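**Q** Under mature numbering (1 follows the signal peptide of the UniProt record, and there is no 0), read the sequence shown as residues -20 to -1, 1 to 229, first letter to last.
Let me begin by handing over the structure; questions about it come next.
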Amino acid sequence: MAPTGRAAACLAIALAAAGASPECEEPGTRLAVPGLQVYMIASVEQTHAGAHLSEAGDLRARQVARLMGGYGGSLARFSQPKVVFANFVHDALRTVETVQPLAHALHIPINNRFGGRNTTDAARAILESLNSTGGPVLVAWEHPHISRLIHELGCRCHRVDDKDTSPKWPEHNVDRIAILSFDSSASCAAAAFEPLGLSGRREESVLPALLWSPPIALLVVVAFSVWQRARARDNGDLSPTLSAPFLAA
């Protein structure tokens, strides 16, 4: 249900302020309005080229849909979002693909009009959606800009890292969700971070990416060539082009 009365009026005032920073208050002095929440997640595993999700990422995206109620409430951990946002930059569809199964299951469009760095306009649109629908709103974003977007949504008074040591979202942690709760004045009442609930280990590995990098790939080819020559020499099976140097020695 969308907020009414004083809550709606206060949300409208906050939207007009376009992300004005609220005064910091002691924890617990603000009461969140049920449903006025923004869920924030990062894109899941991607291919090494980075434009699309990997096979493991596709599986994770379907898990996101399940956890968000896309396949029925009995399988969900969180309330079904009424609006879905995903940042889109150039031809990189990985963030959109992270929430695509959920959006398809719920028959709602994905708002991908905002790039990763355009957090000010994105925050305004998110708050407008929160105001018009009553929430929740799900936002999938690139991890380098999530913390900035959280701040633009007004959660400047709350830590953005569960250890309160880094302003950045952990790059290799896909099983993480930020739950931003808002009060009747459209101020951030709480910013909680918890496991999203994705099963299995992260499939992406640094090793395959390193193996496909040009310098390492060249070393692998050279090493394989040397091994082939040594094996051929031991077997007395040298080709004419390879036998000449050894015969000359």
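Glycine included, every Cβ here is placed at the ideal spot set by N, Cα and C.
All figures in this text were calculated on a predicted structure; none of them were measured in a lab.
Whole angstroms is fine: what's the gap from residue 31's alpha carbon to residue 121's?
**A** In a straight line, the C-alpha of residue 31 is about 14 angstroms away from that of residue 121.
**Q** Since residue 19 contacts residue 107 with CB under 8 angstroms, what's their CB separation in whole angstroms?
**A** Incorrect: roughly 14 angstroms between the Cβ atoms, too far for contact.
**Q** Enumerate in chain order the residues of its own chain whose CB-to-CB distance from residue 48 is below 7 angstroms, with the five nearest sequence positions on each side excluded.
**A** Around residue 48: 56, 58, 60, 61, 82, 118.
**Q** Below 8 angstroms on the Cβ atoms is my contact criterion, and I expect residue 92 with residue 76 to pass it. Report the Cβ-Cβ distance as a whole number of Å.
**A** About 5 angstroms; that satisfies the 8 angstroms criterion.
**Q** According to DSSP, is residue 53 part of a helix, a strand, or is it coil?
**A** Residue 53 falls in the helix class under three-state DSSP.
**Q** Beta-carbon separation of residue 50 and residue 69 under 9 angstroms?
**A** No; because the gap between Cβ atoms is not below 9 angstroms, this pair is not in contact.
**Q** Which first and last residues belong to the alpha helix (DSSP H) in which residue 38 is found?
**A** Counting along the chain, the alpha helix (DSSP H) containing residue 38 begins and ends at 35 to 47.
**Q** Just to confirm, is the Cβ distance from residue 178 to residue 24 under 9 angstroms?
**A** For residue 178 and residue 24, yes; Cβs fall inside 9 angstroms.
**Q** What residue does the beta strand (DSSP E) around residue 14 start on, and which one ends it?
**A** Run containing residue 14: 12 to 22, per the beta strand (DSSP E) assignment.
**Q** Please go through the stretch 98 to 134 and give each complete beta strand (DSSP E) segment of 3 or more residues, from N-terminal end onward.
**A** Those beta strand (DSSP E) runs which fall completely within the stretch 98 to 134 and span 3+ residues are 117 to 121.
**Q** Can you list, in chain order, the residues of its chain with a C-beta nearer than 6 angstroms to that of residue 161? Leave out the 5 residues immediately preceding and following it.
**A** So the list reads 12, 17, 169, 170, once near-sequence residues are dropped.
**Q** Under 8 angstroms from any heavy atom of the ligand NAP, does the C-beta of residue 74 make it?
**A** In the structure on display, the ligand NAP does not appear, and there are no ligands present to speak of.
**Q** Are the beta-carbon atoms of residue 102 and residue 67 separated by less than 9 angstroms?
**A** Yes, the Cβ-Cβ distance between residue 102 and residue 67 is below 9 angstroms.
**Q** Contact defined as beta carbons within less than 8 angstroms: I believe residue 97 pairs with residue 125. What is the distance between those atoms, to the nearest angstrom?
**A** About 6 angstroms; that satisfies the 8 angstroms criterion.
**Q** Please report how far the alpha carbon of residue 112 lies from the alpha carbon of residue 199, in whole angstroms.
**A** Taking the straight line from one Cα to the other gives about 58 angstroms.
**Q** DSSP three-state call for residue 161: helix, strand or coil?
**A** Residue 161 falls in the strand class under three-state DSSP.
**Q** Tell me the DSSP secondary structure of residue 173 in three-state form.
**A** Correct three-state label for residue 173: strand.
**Q** Taking the beta strand (DSSP E) that residue 66 belongs to, which residues open and close that run?
**A** Note, residue 66: beta strand (DSSP E), 63 to 66.
**Q** Does DSSP put residue 166 in a helix, in a strand, or in coil?
**A** It is coil, neither helix nor strand.
**Q** I need the DSSP call for residue 154, collapsed to helix, strand or coil.
**A** Reduced to three states, the DSSP call for residue 154 is coil.
**Q** With distance defined between alpha-carbon atoms, name the residue in 130, 45, 99 nearest to residue 167.
**A** Nearest option by C-alpha distance: 130.
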